[in-house]
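Visitor:
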Ligand code: ADP
Ligand code: MG
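In my numbering, the protein residues as written are 1208 to 1908.
1. Please tell me whether residue 1791 and residue 1690 are closer than 9 angstroms, where the distance is taken between their beta carbons.
2. Decide yes or no for the touch test of the region 1893–1901 against the region 1439–1449: beta carbon pairs closer than 8 angstroms, at least 3 of them.
3. If you count every other CB in all the chains shown that lies within 10 Å of the CB of residue 1293, and 16 or more means buried, which is it?
4. Residue 1535 to residue 1469, Cα distance in whole Å?
5. Could you give the distance in angstroms between the alpha-carbon of residue 1515 and the alpha-carbon of residue 1655?
6. Starting from residue 1693 and walking both ways along the beta strand (DSSP E), at which residues does that stretch end?
7. How about the region 1479–1487 and the region 1626–1637: do they share at least three Cβ pairs that are nearer than 8 angstroms?
8. Tell me, which residues are paired with residue 1536 by DSSP?
9. For a quick check, are the C-beta atoms of residue 1235 and residue 1511 less than 9 angstroms apart?
10. Would you kindly check if the distance between the Cβ of residue 1336 and the Cβ of residue 1378 is under 9 angstroms?
11. Excluding five sequence neighbours on each side, which residues of the same chain lie with their C-beta closer than 6 angstroms to the C-beta of residue 1381?
12. What residues are listed by DSSP as bridge partners for residue 1800?
13. Pull up the distance between the alpha-carbon of residue 1866 and that of residue 1298, whole angstroms please.
14. Given 8 angstroms as the limit, tell me if residue 1932 has its C-beta closer than that to any heavy atom belonging to the ligand MG.
15. Are the CB atoms of residue 1280 and residue 1332 nearer to each other than 9 angstroms?
16. Pull up the DSSP beta-bridge partners for residue 1335, would you.
17. If I'm right that residue 1522 touches residue 1606 with Cβ under 8 angstroms, what's the distance once you round it to whole angstroms?
18. Would you tell me roughly how many angstroms separate the C-alpha atoms of residue 1610 and residue 1551, rounded to the nearest one?
19. Do you know how far the Cα of residue 1249 is from the Cα of residue 1887?
20. Comparing alpha-carbon positions, which option in 1230, 1295, 1419, 1349 lies nearest residue 1258?
21. Among 1391, 1239, 1383, 1285, whose alpha-carbon lies nearest the alpha-carbon of residue 1221?
22. Name the one or two DSSP bridge partners that residue 1517 has.
23. Could you have a look at residue 1297 and say whether DSSP puts it in helix, strand or coil?
24. Is residue 1635 near the ligand MG, in the sense that its beta carbon is under 8 angstroms from a heavy atom of that ligand?
25. With the cut-off set at 9 angstroms, would you say residue 1759 and residue 1591 are in Cβ contact?
26. To the nearest angstrom, how far is the alpha carbon of residue 1565 from that of residue 1543?
27. Does the ligand MG have a heavy atom nearer than 8 angstroms to the CB of residue 1516?
28. Taking 6 angstroms as the limit between beta carbons, can you name the residues of its chain near residue 1734, skipping five residues before and five after?
29. So, using beta-carbon positions, are residue 1529 and residue 1497 closer together than 9 angstroms?
30. Would you kindly work out how many angstroms separate the C-alpha atoms of residue 1909 and residue 1834, rounded to a whole number?
31. Residue 1909: beta carbon under 8 angstroms from a heavy atom of the ligand MG?
32. May I ask which residues mark the beginning and end of the beta strand (DSSP E) holding residue 1509?
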C-alpha cells in the first residue's frame, strides 16, 4: 500500500469515503496522527466529525443601531486612538470610532501593535461583543479589518464550525481540511428518505444536511441540518432494533424452563430479609419469560442499591434447578470477585456447583473451570467478559446475566443472544424510560422502583475546599464509630492535569498529614488486580477505614459500613456519575453523608447543577436533568466515553424526532420485517452503512 501510494500525489488521488486521512488534502503524516487521536481514520470519519458549536460572526448593523449585549459586525472610521498604561503596567489601546453622529469606544489590553492599525480616518470593519463603558458603548478586544485592505473577511456572515480538537491541531487547520472534504463526500451519500418524506418532515436531503452542518449559510440552516442528521441516527436505531427484535422473536429458546424447586426460597430465607414488592414483581416477569418458548431479552433497571443482584441470583438458581447453566457477568474484576466471594458459598450451601472465571484466574484453575463448564458440572459461574472468550464453552448455557450494562457493548450482547440463552441485562444507570426504549428497544424493560426498607436518605451538600479540615475531623469521628469513608478523586496521578488533586498525591499527603494514624488504602484502575482485590477486601473487612480512590469504585461496590462519601473536584463529574458514587454509601441503615467538594473557580451554573443533585436522590430525575442540560458539545464527551451512543441525537431533547422515527420505522417493518423488499433497497443499503459506523445501528446479530 505504502509503495503504490507514495507514487501518487495528494491531488491525483480521488477522494473517497474510505480514503485514509493521511492522503486527504491538507493532511500529512503528522496531522493524520493528530486526527487519529480523535478517532478519525478515513475521509468519511472527517465528514462525520461534526462541529460541537459555531462561531457566529454577529449581526451586520450600522453603527447607529449598535446596542449593548449584541455581537455585531459594523463599519466606522477611526476618530482618534492612544496607547495608555494601566496602573498594573499593562498596555491599553483605546480608540474612538464614529459614523455620522454615532460613536463607539474600542479597547484592547496588552496588544500595543493594534495602535498601528488605527490610523486616523481609516475605515474599519469591526466585530465583537458590545458592552458599556460609562455612558459610551464599547467593544473590548474587537476584531478589526481595514476596508482598504480588500476583501473584508470579517463581513462574511456565515457561522464558522467549531470542532472538537486535539493537541497540535488548530481550529483553522481543521476547518480548511473539512472545507475540502465535505462538499465532495457529502454529494454522493445514500438518503433513506425520499423527496415526499423530506417535505413532509421539512428536512433537507441527507447530502445537504451533511454539507450544511459543516458549512452553513446561517445558524438556522445549521440547526435544521443537525435535526435531519439526528433524525437519521434515530431512524437507523429504530430500524436496526426493529429488524433484530423481529428476528429474535422468531428464534426459539432451547431453554424453556418448567417448575422451579425450593432452593431460591431457601436462599432468600438465609439472607434474613424479605424481597421488596418491586423485586417480587420483577421476578414474576422473569419467571414468566423463562417459561416461554422464546428467549428472554430483558433489561432490569434499578437505582443504586435497589437490590438487582438478588433478583439475578434467584433467576440463576431457577435456571440451575431447571437443568441449565447460568453465567453472571460483571463489568470489572473487582466486582466479579466481590459477587463470587459472596455468592459462591451461599449457592454451594444449597447444593449447587458455582465457580468464578476472570482474565486473571490462574491457568490451572482456569482449566478446571473450563472443564466444569464444558461438562455442565458447574451450574453457576461469575466472571467478567472473559466469559465471552471463544474457548469458554458451556454445555448448556441457559441464562446470561449482564450487570451494569453500559460497560458492555451491543456487540457483546449480540454474542450472548446468539447462544440462544435467556438474557438479563442489569443497569444502575438510571436511564430515563424514553431513552431506555430508544437505546435498548430490543429489550423488555423492568424497573425496580423501590429501595429495600430501612434506608436512610443520604445527606448531601456542596462545599468548597475550605471545608476539608472539618471533613477530616468527621472522617476520624466516623472511624472511631467503626464507620468507613470513601475519598474520591478525578485523577490517578498529578501529571495528568494541572491544579487537580489526584488520588496518588492525596494518598501520600493524607497518610502523613491530616489522616495520620488512620488506616488508609489506595484504589485505582491502574493497580494490578491482586492489589485491587486486596485493598477492596481490606476495606470491606474494616482493616482499612478510609479508601482513597478514583471512579473505579463507581460501579457496584457494596460495603454497608461505609457511611461517608467525599468527592473532590465534584465539578469534573457528570451528575449521573456523582449519583452512582453517592450510592456507595447509605447501604447499611446508618446515617450517611455525601460531600461534594468543589475545586476553585467553579461557575454558577455548575454550582446550581450540583445543588440540584444534593436536593434529590431520584436517579431518574437526575439522569434526565443531566441529559436535558447537555448541549452538542457535552454530548461529544459522553459519546467518547461510550455513555451515549449517538453523535448528534440527544434522546431527551430530541424526543419528538425519536417518536417520528419510530413511527416511520414501524410502518416500514410492518410490510417488510427484514428490509428485503426491492422498494426498500436504498434504506437497507443505508442501514448497512450506518451499521458499519456503530453496532447499535446494525441490524446484524
Ligand atoms: P444494586 O441494585 O445497586 O446492585 P445490590 O444488589 O448491591 O444493589 O443491593 C444493595 C444492598 O441491599 C445489598 O447489601 C443487598 O444485600 C441489600 N438488599 C437487597 N435486597 C434487599 C431486601 N429486599 N431487603 C433488604 N436488603 C436488601
Ligand atoms: Mg449491583
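Ideal Cβ placement from N, Cα and C applies to all residues, glycine included. If you're wondering where the values come from, they're calculated on a predicted model, not measured in any experiment.
Guide: Answer, in terms of the structure:
1. no
2. yes
3. exposed
4. 21 angstroms
5. 8 angstroms
6. 1691–1695
7. no
8. 1590, 1609
9. no
10. no
11. 1370
12. 1666, 1771
13. 57 angstroms
14. Within the shown structure, residues of the chain are numbered from 1208 to 1908, placing residue 1932 beyond reach of any answer.
15. yes
16. 1279
17. 6 angstroms
18. 17 angstroms
19. 28 angstroms
20. 1419
21. 1391
22. Residue 1517 pairs with nothing; no bridge assigned.
23. coil
24. yes
25. no
26. 8 angstroms
27. yes
28. none
29. yes
30. Coverage of the chain is limited to positions 1208 through 1908, which leaves residue 1909 absent and any answer about it impossible.
31. Residue 1909 cannot be examined here, being either before or after the span of the chain that is shown, 1208 to 1908.
32. 1504–1509
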